[in-house]
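Those protein sequence lines, which keep their order, are chains A and B.
Heads up, the first sequence is in my numbering, so the first residue is 2 and it goes up one at a time.
Heads up, the second sequence is in my numbering, so the first residue is 27 and it goes up one at a time.
Ideal placement from N, C-alpha and C gives every residue a C-beta, glycine not left out.
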Amino acid sequence: MKESKSGIILLWMLFVPTTPAYAMHISEGILPFKWAALWFVVAAPFVAYGLYRLKKLSTVDLSFKPLVGLMAAVVFIISCMPIPVPTAGTCSHPCGTGISGILLGPGISILITAAALLIQALFLAHGGLSTWGADIVSMGVVGSFAGYLTFRALRSMKINMAIAGFMAGLLADWATYFATSVELASGIRGDSPFMPLFWKLLIAFIPTQLPLGILEGAMTAGMVVLLYKKRPDLLVKMRVLKPEEAL
Amino acid sequence: MELFSDHFKKNHVLSRIDARVKLLVALVLLAMVLSYRGFAFPSLVTLFCLFLCIMMRIPLRALVLRFSEPLFIAAVVLFLKCFYSGEDALFSVDIMSLRVVGHADGLIEGLLIVSRIIGAVSVVAVLGFATPFTEFMAGLSWFRVPKGFIEILMFAYRYIFVFFEDAQVIYQAQKNRLGYSTVRRGLNSFGTLAGALTIKAFDHSQSTTVAMVQRGYDGAMPMLRHKPFKSSEVVASALFLVVMGVVWKM
């Protein structure tokens with residue numbers, strides 16, 4: 002019984018992307034024009050920073066651009082695992098930005114997220130063109146920086162790879178949904194005060210975000226540990242590990 | 027992944043229109059829908075876009091898939107606004123000794139957001155259905171979207187399908203070996219699956235680069251060349267936007 006329960010949960014999470022239940026992030030049209038525009042303005046310097054990093058790194062390594070594109074495909078697939086949050090009027094999902102932040106740095110991770118979000122918005126109605134800026138800020142900027150900084154801070158304290166990866170994934174996920182709640186509350190509140198709606202949205206995310214954050218943490222830890230055991234050379238190449246730390 | 031299918035994009039007048047023109051018209055319409063304070067304009071746009079979808083013979087299943095989640099989200103926003111915001115009580119319902127009050131002003135505010143969501147989703151749906159990905163990328167490059175970003179999009183689009191199949195194969199293999207028999211094993215397997223995809227991304231990036239360098243890749247991918255704008259398309263689009271602008275102003 003226990004077996005079948007856990008199997009069903011994870012099987013559902015993996016097979017939802019193969020079924021056509023498409024939608025997540027902040028939905029197209031939900032933010033009024035001025036709020037949608039504001040989030041584009043907020044996202045722009047971070048995307049510019051990502052492009053600057055991409056240009057710099059791809060001039061010394063021709064395979065860097067393909068790598069970033071392929072990581073965007075991985076993030077796309079990871080973030081296509083929707084879990085409905087009926088109380089918040091949206092869907093939830095693992096973000097995958099924690100791991101891309103850890104491996105490629107927050108600047109490149111923002112670009113990866115922006116690319117995955119644009120494809121989802123155009124062809125799957127996940128998120129939207131008008132909410133692209135807001136989604137870049139919450140998933141790309143907040144998620145990537147939270148994951149990257151947490152991982153770096155914990156590693157500098159000599160915390161082991163699995164725990165650092167877990168915490169990075171967990172906090173990247175929770176920080177993303179904190180930011181999403183801010184964006185949603187400010188966008189749809191109308192003339193109502195901001196804080197009550199913000200708390201309602203934050204609480205509404207809890208039923209899925211608490212377990213999902215843990216899942217994202219476990220996923221990030223699993224990925225980092227797998228890379229550490231099987232391909233430490235990749236972690237050295239991405240400067241996640243020093244050469245002497247590799248097995 | 028069905029929605030990625032390009033099969034209904036090929037032989038229709040809309041799919042033959044220059045991607046730049048479609049993109050520009052869609053962005054202007056989107057801005058109009060988002061900045062409109064009322065139901066009329068977004069509803070008109072929705073009806074028009076649905077008409078276009080029918081004209082393009084988009085399969086009903088694809089349309090339902092495309093709209094199902096935004097409609098669900100719209101319904102929940104309506105519920106939230108009606109019951110959690112506003113002051114003018116419109117009706118009340120007693121549910122297990124709990125009185126739930128619906129507000130007229132909240133309902134109207136909710137309906138405004140709903141019409142905006144459906145209008146905006148309709149515009150982007152038509153754009154997505156009528157524009158093949160490569161043409162869309164070429165259109166973006168004309169709008170001066172940085173080339174590096176467009177290249178990332180093209181790599182990502184190409185490999186989504188590859189990784190999707192890989193993920194399914196890995197998942198089946200894990201499942202057959204009881205990789206999801208307990209929560210702990212399941213989480214471990216899930217992490218391994220994601221990690222394996224990441225390793226594949228690294229490995230494929232190396233082999234792809236080697237293959238591309240052999241074909242002359244020097245760090246920049248060629249884009250589709252832009253044909254000159256067709257004056258008929260430009261004039262028709264401009265007229266369409268003027269008409270929509272007049273309706274928007276009314």
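Simplified DSSP assignment, three categories, for residue i
i, result
"Leu128/B", "A quick correction: the sequence has Gly, not Leu, at residue 128/B. It is a strand residue."
"Ala246/B", "coil"
"Glu29/A", "coil"
"Gly97/A", "coil"
"Asn202/B", "helix"
"Pro254/B", "coil"
"Thr208/B", "coil"
"Ile160/A", "coil"
"Asp14/B", "Because chain B in this structure spans residues 27 to 276, residue 14/B falls outside the shown range and cannot be described."
"Ser80/A", "coil"
"Lys243/A", "coil"
"Pro68/B", "helix"
"Met276/B", "coil"
"Arg170/B", "coil"
"Thr132/A", "coil"
"Gly191/A", "coil"
"Arg232/A", "coil"
"Asp192/B", "helix"
"Ile186/B", "helix"
"Ser64/A", "coil"
"Tyr178/A", "helix"
"Ile111/A", "helix"
Contact check, residue i vs residue j, beta carbons under 8 Å
i, j, result
"Ile27/A", "Asp136/A", "yes"
"Met247/B", "Glu177/B", "yes"
"Glu259/B", "Val47/B", "yes"
"Ala44/A", "Ala182/B", "no"
"Val147/B", "Phe93/B", "yes"
"Gly166/A", "Ile111/A", "no"
"Ser167/B", "Met81/B", "no"
"Ser187/A", "Ala37/A", "no"
"Val54/B", "Phe67/B", "no"
"Leu171/A", "Ile120/A", "no"
"Leu71/A", "Ala227/B", "yes"
"Phe34/A", "Ala164/B", "no"
"Cys79/B", "Phe159/B", "no"
"Val237/A", "Met162/A", "no"
"Val150/B", "Ala52/B", "yes"
Min CB distance residue i to chain B below 8 Å
i, result
"Met224/A", "yes"
"Ala22/A", "Only weak support exists for where Ala22/A lies, its pLDDT of 31 falling under 50; the value from the coordinates is given anyway. Taking Cβ atoms only, chain B reaches closer than 8 Å to Ala22/A, which makes this a yes."
"Ser28/A", "yes"
"Leu242/A", "no"
"Met168/A", "no"
"Pro67/A", "yes"
"Ala44/A", "no"
"Arg156/A", "no"
"Lys56/A", "yes"
"Ala126/A", "yes"
"Val17/A", "For Val17/A, the predicted model reports a pLDDT of 36, less than 50, meaning its position is unreliable and no value from the coordinates is stated."
"Arg232/A", "yes"
"Met196/A", "no"
"Val75/A", "yes"
Inter-residue CB distance, residue i and residue j (contact presumed, cutoff 8 Å)
i, j, result
"Ala49/A", "Ile113/A", "About 15 Å separates the two Cβ atoms, so there is no contact after all."
"Gly134/A", "Trp40/A", "4 Å"
"Gly223/A", "Gly217/B", "1 Å"
"Pro95/A", "Phe146/A", "About 18 Å; that fails the 8 Å criterion."
"Leu105/A", "Met220/A", "Incorrect: roughly 17 Å between the Cβ atoms, too far for contact."
"Leu245/B", "Leu63/A", "Residue identity check: residue 245/B is Gly in the sequence provided, not Leu. Indeed they touch by this definition, with Cβ atoms about 6 Å apart."
"Tyr149/A", "Ile103/A", "6 Å"
"Leu242/A", "Thr224/B", "Incorrect: roughly 15 Å between the Cβ atoms, too far for contact."
Residue-level contact to chain A via CB, residue i, 8 Å cutoff
i, result
"Ala182/B", "yes"
"Leu60/B", "yes"
"Asp44/B", "no"
"Val103/B", "yes"
"Gln240/B", "no"
"Pro172/B", "yes"
"His38/B", "no"
"Glu177/B", "yes"
"Glu135/B", "yes"
"Glu95/B", "yes"
"Val272/B", "no"
"Phe216/B", "yes"
"Val261/B", "no"
"Ile186/B", "yes"
"Val54/B", "no"
"Ile225/B", "yes"
>> I'd like the ranges of any beta strand (DSSP E) spanning at least 3 consecutive residues and lying wholly in the stretch 79-158 of chain B.
In response: DSSP runs (the beta strand (DSSP E)) wholly in the stretch 79-158 of chain B: 115-121 and 124-129.
>> At 4 residues or longer, what runs of the alpha helix (DSSP H) sit wholly inside the stretch 203-227 of chain A?
In response: List check, alpha helix (DSSP H) in window: nothing returned.
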